[in-house]
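Just below is one structure, and these are the notes that go with it.
In this note's numbering, the protein residues as written are 396 to 730.
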């Protein structure tokens, strides 16, 4: 009874919050474009040599996997398809995240076949777990590779998809990390999906770097995660883990949460431009998710890798012009 009353009170307070969602595009925002461009130039300048351009110059750990997080999910590897269990909220999240991915990919790639609108697109599902998101993307026609460092979760995903002949053709799984796959991937993906994953990673810089590496030019990165606010601590940890017990206690570490602003800056520093950020909210009374103006707790983000990398000569010229008064008028005029 106490949990039910708390849920009603908390849900009501959040519904009245005035946080604003943002549909953003660095292509259509001159100030955002300038910020992203100058940050990227700062990271690139010291590694332009012999006529070669490198997108990322910051030092990253080359490791996205946190062993402590692997141990957490190892203990739950057999429970992914229990619709009433620890992952029930992730099952219902598909009502939002699948259309979010589908619609944004259609905006990028144009009209596709009816019934299978993602046909011809390669998608990587990072931290796929038991395949809760990989399967519906495969049913929409995409060729999906789900990867996860927890081998037992991958075995669960493989077993579940094996019962559907249609999925056997389009969805496959691999027990590995993003960095492992990045070393061998040459074809490239049209999209990388990381849903409820980044808050469990060891290094977000490494994650962004490897996503940039495995995506095709013009490829999309989709992320759903938890904002780093006082409300996210109250709802995401105190309420969800300790009071309502929607998810196991200890699933989340508030210090690993990231705000949409910080995530956007991080991705832009690796060459991505952010197209959209939308707030999400889970109602524990109904077990359903909905889009909200508030990004105070959960949010979804869509970012795109540019289709073309800057030419080396142009990068050198523009980076030099930034330091000369009157030589960067095309950029400074946007402020």
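Don't be surprised by glycine CBs; every beta carbon is placed ideally from N, CA and C.
Which class does residue i belong to by DSSP, given the choice of helix, strand or coil?
| i | result |
| --- | --- |
| residue 632 | helix |
| residue 575 | helix |
| residue 612 | strand |
| residue 495 | helix |
| residue 660 | helix |
| residue 507 | coil |
| residue 519 | strand |
| residue 562 | helix |
| residue 524 | coil |
| residue 694 | strand |
| residue 600 | helix |
| residue 541 | strand |
| residue 567 | strand |
| residue 472 | coil |
| residue 667 | coil |
Between the Cα of residue i and the Cα atoms of the options, which residue gives the shortest distance?
| i | options | result |
| --- | --- | --- |
| residue 535 | 481, 509 and 612 | 509 |
| residue 646 | 579, 596 and 665 | 596 |
| residue 624 | 664, 566, 683 and 693 | 693 |
| residue 549 | 560, 561 and 566 | 566 |
| residue 643 | 703, 491 and 482 | 482 |
| residue 690 | 457, 630 and 506 | 630 |
Leaving out the 5 sequence neighbours to the left and right, which residues in its chain are closer than 6 angstroms to residue i when beta-carbon positions are compared?
| i | result |
| --- | --- |
| residue 605 | 573, 574 and 577 |
| residue 727 | In this prediction, residue 727 scores a pLDDT of 33, lower than 50, which makes its location untrustworthy; the coordinate-derived value is nonetheless stated afterwards. Cβ within range, chain order: n/a, list empty. |
| residue 709 | For residue 709, the predicted model reports a pLDDT of 44, less than 50, meaning its position is unreliable; a value from the coordinates is still stated below. Closer than 6 angstroms at the Cβ level, and outside the excluded window around residue 709, lies no residue. |
| residue 538 | 517 and 565 |
| residue 528 | 520 and 590 |
| residue 496 | 617 |
| residue 580 | 609 |
Apart from the five residues just before and just after residue i, which ones in its own chain have a Cβ nearer than 8 angstroms to its Cβ?
| i | result |
| --- | --- |
| residue 545 | 465, 468, 469, 472, 524 and 570 |
| residue 459 | 572, 573, 574, 596, 597, 598, 601, 602 and 605 |
| residue 461 | 595, 596 and 597 |
| residue 632 | 647 and 649 |
My guess is that residue i and residue j are in contact by the Cβ rule of under 8 angstroms, so how many angstroms apart are they, rounded?
| i | j | result |
| --- | --- | --- |
| residue 553 | residue 485 | With a Cβ gap of about 18 angstroms, residue 553 and residue 485 do not count as contacting. |
| residue 540 | residue 519 | 5 angstroms |
| residue 526 | residue 556 | 6 angstroms |
| residue 684 | residue 488 | 5 angstroms |
| residue 562 | residue 533 | 5 angstroms |
| residue 503 | residue 583 | Not really, about 14 angstroms apart at Cβ, beyond 8 angstroms. |
| residue 610 | residue 587 | 6 angstroms |
Closer than 7 angstroms by C-beta to residue i: which residues in its own chain qualify, once you throw out the five before and the five after it? Chain order, please.
| i | result |
| --- | --- |
| residue 593 | 599, 602, 618, 620 and 653 |
| residue 530 | 556, 562 and 566 |
Cβ pair count under 8 angstroms reaching 3, the region 662 to 672 against the region 686 to 702: yes
Three CB pairs or more closer than 8 angstroms across the region 604 to 618 and the region 678 to 689: no
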